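**Student:** Attaching a single structure in structure tokens format; questions to follow.
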Amino acid sequence: VSRRGPRIGLVGRNSWQGLGYQNRELARQIPIDRWLIPAADQAVPLRPPRRCRVEFAPPDAGGSRLDSWLRGLELVLFIETPCFAGLVPAARARGIPIVCVANWEWLHPGLDWLAGVQWMLAPTAHTHRMLQRWQHQYGFGWHLHYLPWPIDTRGLAFRLRRQCRRILFINGSGGLRPAREDGMPADFRRKGLELVAEAAWLARDVPLVVFSQSQDLPPLPPHVDVRPGPADHRRLYDAGDLCLQPSHWEGLGLPLLECQAAGLPLITTDAAPMNEYRPWRVLPVERTEVVQITRQRPIPVPRVSPLDLAEVLKSVYRADISAASRAARAFVQQQHAW
5 VSRRGPRIGL VGRNSWQGLG YQNRELARQI PIDRWLIPAA DQAVPLRPPR
55 RCRVEFAPPD AGGSRLDSWL RGLELVLFIE TPCFAGLVPA ARARGIPIVC
105 VANWEWLHPG LDWLAGVQWM LAPTAHTHRM LQRWQHQYGF GWHLHYLPWP
155 IDTRGLAFRL RRQCRRILFI NGSGGLRPAR EDGMPADFRR KGLELVAEAA
205 WLARDVPLVV FSQSQDLPPL PPHVDVRPGP ADHRRLYDAG DLCLQPSHWE
255 GLGLPLLECQ AAGLPLITTD AAPMNEYRPW RVLPVERTEV VQITRQRPIP
305 VPRVSPLDLA EVLKSVYRAD ISAASRAARA FVQQQHAW
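Note that the working numbering gives residue 163 to position 159 of the sequence shown, counting from 1, and the numbers run on in steps of one.
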């Protein structure tokens with residue numbers, strides 16, 4: 005390893021979704037030598053740091069293409085998936101250690117590349133517990149560490165919220181619609197917009213702002229202000245005093261951390277990993293349902309009653325949230341700052 009640190013190769017998507025955002029943050033925050041991106045993401049704007057060389061390749065890139073990219077590297081890093089089928093064996097053949105940041109919902113023990121990873125980093129305690137079980141059950145030999153995902157607190161300016169006058173919900177693209185056990189599509193998406201809509205009809209005095217990239221929206225009452233997301237994601241958090249994210253599941257849940265860094269207390273589902281983030285209020289789980297996000301990955305998801313959510317919204321509206329706002333920022337600075 006050179007004196008300046010290991011030469012790190014990053015592999016992964018540069019998409020509009022959370023995974024692309026995670027990869028861009030890695031390229032910005034740590035000294036990445038080069039970044040290999042699937043060719044499908046060439047249309048997404050990218051301004052990498054000067055030190056980082058960006059290359060694109062098709063997902064079926066052959067051994068010679070991968071060998072050329074790996075030459076001179078001392079570490080390979082990816083989040084969730086290696087993207088290229090031959091990457092892990094090619095890196096192993098060269099003796100290059102491989103680090104995976106695990107997003108739990110997309111992993112299953114049958115993945116052919118899992119055993120080739122040397123270092124597994126769990127960004128949530130929920131993920132860490134799952135991977136510990138897999139080590140004991142399946143004999144994986146990773147070096148496993150819990151490493152809470154970091155947030156750029158310098159880029160997210162803190163503003164003290166004193167009273168809850170407007171509640172923010174970030175829908176984004178809405179998240180995946182899972183399948184039920186019988187194979188039929190579920191009537192909800194990951195972020196929980198359907199739940200928010202039902203609760204909004206029951207809590208008509210509580211102003212809500214919804215940021216949504218998706219136009220596929222359920223009927224919403226007039227007091228719900230629907231807006232497209234701003235070009236700069238940091239401006240999302242200017243629009244509210246408190247952040248509501250009633251997710252059915254999250255791999256990481258970046259808005260749950262970023263909103264608190266900006267000073268918005270968090271309301272979220274009382275289930276892991278969402279409740280790991282010290283929310284100000286949690287939504288009680290009425291029942292748990294098993295759904296499939298892939299054929300190989302059935303997961304249990306919590307379901308929240310719209311009536312319970314409406315009651316929570318009514319209870320926090322116009323409440324004094326000064327102490328909760330300060331505590332939210334302090335939590336992210338202490339546990340999740342780069």
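All C-beta atoms, glycine included, are put in the ideal place defined by N, C-alpha and C.
Given the structure is predicted, the values throughout are model-derived calculations rather than measurements.
Among residues of its own chain, excluding the 5 on either side of Tyr281, which ones have a beta-carbon nearer than 8 Å to its beta-carbon?
**Tutor:** Numbered from 1 along the sequence shown, position 277 holds the residue referred to as residue 281. Excluding sequence neighbours, Tyr281 sits near Gly257, Leu260, Leu261, Gln264, Leu270, Thr272, Phe335.
**Student:** Answer yes or no: the CB of Pro42 versus the heavy atoms of the ligand GDP, is any distance below 6 Å?
**Tutor:** For the ligand GDP, the structure offers nothing, since it holds no ligand at all.
**Student:** Can you check which of these residues, Tyr142, Gln122, Asn107, Gly120, is closest to Ile132 by C-alpha distance?
**Tutor:** Stepping through the sequence shown from its first residue, residue 132 is reached at position 128. The amino acid at residue 132 is misidentified as Ile; the sequence shows His. The residue with the shortest Cα to Cα distance from His132 is Asn107.
**Student:** Measure the alpha-carbon distance for Glu29 versus Thr85 and round it to whole angstroms.
**Tutor:** For the purposes of this step, residue 29 is identified with residue 25 of the sequence shown, where counting begins at 1. For the purposes of this step, residue 85 is identified with residue 81 of the sequence shown, where counting begins at 1. Cα to Cα, the separation comes out at about 17 Å.
**Student:** Can you tell me whether Pro182 is buried or exposed, with buried defined as 16 or more other CB within 10 angstroms of its CB?
**Tutor:** As a working mapping, residue 182 is identified with position 178 in the sequence shown. Buried is the call here.
**Student:** Quick check on the burial criterion: 16 or more other C-beta atoms within 10 angstroms. Buried or exposed for Glu254?
**Tutor:** Position 250 of the sequence shown holds residue 254. When all chains shown are included, Glu254 counts as buried.
**Student:** Val213 and Gly187 - do their beta-carbons sit closer together than 7 Å?
**Tutor:** Translated into positions along the sequence shown, residue 187 becomes position 183. Translated into positions along the sequence shown, residue 213 becomes position 209. No, the pair does not count as a contact, with Cβ atoms beyond the cut-off.
**Student:** Apart from the five residues just before and just after Pro232, which ones in its own chain have a Cβ nearer than 8 Å to its Cβ?
**Tutor:** Counted from its first residue, the sequence shown places residue 232 at position 228. Closer than 8 Å at the Cβ level, and outside the excluded window around Pro232, lie Phe215, Ser216, Gln217.
**Student:** Helix or strand or just coil, what does DSSP make of Val5?
**Tutor:** Here residue 5 corresponds to residue number 1 of the sequence shown, with the count starting at 1. Since pLDDT at Val5 reaches only 47, below the 50 mark, its modelled position is unreliable, and the value read off the structure follows with that caveat. Of the three classes helix, strand and coil, the one that applies to Val5 here is coil, per DSSP.
**Student:** Could you tell me the boundaries of the beta strand (DSSP E) in which Cys104 lies?
**Tutor:** Residue mapping note: residue 104 aligns to position 100 of the sequence shown, counting from 1. From DSSP, the beta strand (DSSP E) with Cys104 extends over 102 to 105.
**Student:** Measuring CA to CA, which of Arg333, His237, Leu313 is closest to Trp20?
**Tutor:** Here residue 20 is taken as the residue at index 16 of the sequence shown, counted from 1. Nearest C-alpha to Trp20: His237.
**Student:** I'd like the span of the alpha helix (DSSP H) that includes Phe335, first residue to last.
**Tutor:** Taking the first residue of the sequence shown as position 1, residue 335 is located at position 331. 326 to 339 is the extent of the alpha helix (DSSP H) around Phe335.
**Student:** Counting Cβ pairs closer than 8 Å, one from the segment 164 to 171 and one from the segment 313 to 333, do we hit at least three?
**Tutor:** As far as the Cβ criterion goes, the segment 164 to 171 touches the segment 313 to 333, which means the pair count is three or higher.
**Student:** Please name the residue, chosen from Asp209, His227, Arg194, Arg170, that lies closest to Gly179 on a Cα-to-Cα basis.
**Tutor:** Here residue 179 refers to the residue found at position 175 when the sequence shown is read from its first residue. Looking at the Cα atoms, Arg194 is the closest of the given residues.
**Student:** Span of the alpha helix (DSSP H) holding Tyr142?
**Tutor:** Counting from one through the sequence shown, the residue named residue 142 turns up at place 138. 129 to 142 is the extent of the alpha helix (DSSP H) around Tyr142.
**Student:** List the residues that DSSP assigns as beta-bridge partners of Ala47.
**Tutor:** Taking the first residue of the sequence shown as position 1, residue 47 is located at position 43. In DSSP, Ala47 forms no bridge with anything.
**Student:** Taking Cβ to Cβ, would you say Ala201 is nearer than 7 Å to Pro222?
**Tutor:** Here the question's residue 201 lines up with position 197 in the sequence shown. Here the question's residue 222 lines up with position 218 in the sequence shown. Cβ distance < 7 Å, so Ala201 and Pro222 count as in contact.
**Student:** Can you name, in chain order, every residue of its own chain whose Cβ lies under 6 Å from the Cβ of Gly22, other than the five neighbours on each side?
**Tutor:** Counting from 1 along the sequence shown, the entry for residue 22 is found at position 18. Same-chain partners within the cutoff: Leu258.
**Student:** For a quick check, are the C-beta atoms of Arg17 and Asp45 less than 7 Å apart?
**Tutor:** Counted from its first residue, the sequence shown places residue 17 at position 13. Counted from its first residue, the sequence shown places residue 45 at position 41. In contact: Arg17 and Asp45 (Cβ atoms closer than 7 Å).
**Student:** Have a look at the DSSP bridge pairing and note the partners of Thr273.
**Tutor:** Your numbering for residue 273 matches position 269 in the sequence shown. In DSSP, Thr273 forms a bridge with Leu287.
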